[in-house]
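Reading through the structure tokens given below for one structure.
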Amino acid sequence: MSIPRATWFCIDIEANGPVPGLYDMVSLGATVVIDEQNGSRSIGDSFYMELKPCAPRFDSRAAAIHGLDQEQLRENGLSRKDAAEALADWVKTQTKEGTEPVFVGHNAPFDWSHIAYMYAEQNMPNPFGYKGLDTKAFSAGVLNLHWLDTGKEVLFERLGLPEEDKSQKHRADYDARVQAELLLALLNAQI
1060 MSIPRATWFC IDIEANGPVP GLYDMVSLGA TVVIDEQNGS RSIGDSFYME
1110 LKPCAPRFDS RAAAIHGLDQ EQLRENGLSR KDAAEALADW VKTQTKEGTE
1160 PVFVGHNAPF DWSHIAYMYA EQNMPNPFGY KGLDTKAFSA GVLNLHWLDT
1210 GKEVLFERLG LPEEDKSQKH RADYDARVQA ELLLALLNAQ I
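Going by our numbering, the first residue of the sequence shown is number 1060, and it counts up by one from there.
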């Protein structure tokens, strides 16, 4: 039996532009993947939040991808401080005793940079530390693919996963759940 070392947090964010600070992260979805004592793995709970936009720039093309209503976000979204606290609290409650929380993203540099910025801006510790696991890079190694061939469509076909529901794609909660299914398949495919 292996002793679990990590609790995996599959994170997806939607943003109003390409970089944190200048553009807002406006939603975040997270889904837990748990390593069990018996060596099995399972998908656990999910988390979702929307944030108030407050950054100096706005890219209408990026906002069109996620389709979130900016006025609704201004009225009902969480402040960055409240969002950072809510995510940190949720990660703490979901992290299995004796393990470390690990940030997982599909194109993790994008999503992780927004999370890292949020915590740095609030002068709070990032619950994931300074690193994250990129499922694109992980899949390149596990499936012996070129990095440029690590799009979800190729990976889902290679791993026998169902196609994404195009009507829900780019919803942070849906994308985080799909990424959890992808991570689970990659972890189980490891040699």
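Idealized CB from N, CA, C, for every residue including glycine. The model shown is predicted, which means the values in this text are computed figures rather than measured ones.
* Asked: What's the C-alpha gap between Met1108 and Ile1072?
  -> 10 Å
* Would you say Val1085 and Asn1075 are within 8 Å of each other, going by their C-beta atoms? -> Asn1075 sits close to Val1085, with the two beta carbons spaced by under 8 Å.
* Beta-carbon separation of Ser1105 and Asp1232 under 8 Å? -> yes
* Is there contact between the region 1193-1205 and the region 1157-1169, where contact requires at least three CB pairs shorter than 8 Å? -> yes
* Nearest to Leu1243 (by Cα), restricted to the options Phe1169, Leu1218, Thr1158 -> Closest by alpha carbon: Leu1218.
* **For Glu1130 and Arg1116, the rounded distance between their alpha carbons** => 15 Å
* DSSP state of Ala1065 mapped onto helix, strand, coil -> strand
* To do: Take Gln1181 as the anchor and find which of Leu1204, Tyr1189, Arg1139 has the nearest alpha-carbon.
  => Out of Leu1204, Tyr1189, Arg1139, Arg1139 has the C-alpha closest to the C-alpha of Gln1181.
* Asked: Hey, which unbroken runs of the alpha helix (DSSP H) at 4 residues or more fall wholly within the region 1173-1238?
  -> Segments of the alpha helix (DSSP H) lying fully in the region 1173-1238: 1194-1201, 1211-1218.
* Does the Cβ of Cys1069 have 16 or more other Cβ atoms within 10 Å, making it buried, or fewer, making it exposed? -> buried
* What does DSSP give as the partner residues of Val1092 in its beta bridges? -> Trp1067, Ile1102
* **Whole-Å CB distance - Tyr1189 paired with Ala1143, under 8 Å assumed** => No, Tyr1189 and Ala1143 are not in contact; Cβ-Cβ is about 16 Å, not under 8 Å.
* Asked: Which of the three DSSP states, helix, strand or coil, is assigned to Ala1244?
  -> helix
* Can you grab the Cα-Cα spacing for the pair Leu1127 / Ser1061, in whole Å? => 42 Å
* State the start and end residues of the unbroken alpha helix (DSSP H) segment that holds Glu1156. => No alpha helix (DSSP H) contains Glu1156, which DSSP labels as neither H nor E.
* **Which of helix, strand or coil DSSP assigns to Gly1076** => coil
* Of the listed residues Leu1110, Gly1157, Val1150, His1125, nearest to Gly1136 (C-alpha basis) -> Leu1110
* Looking at Val1150 and Pro1186, is the spacing between their C-beta atoms short of 8 Å? -> yes
* Asked: Secondary structure at Ser1119, three-state DSSP: helix, strand or coil?
  -> Helix at Ser1119.
* Asked: Would the C-beta of Phe1215 count as close to the ligand PLP, meaning under 7 Å from any of its heavy atoms?
  -> The model depicted lacks the ligand PLP and carries no ligand whatsoever.
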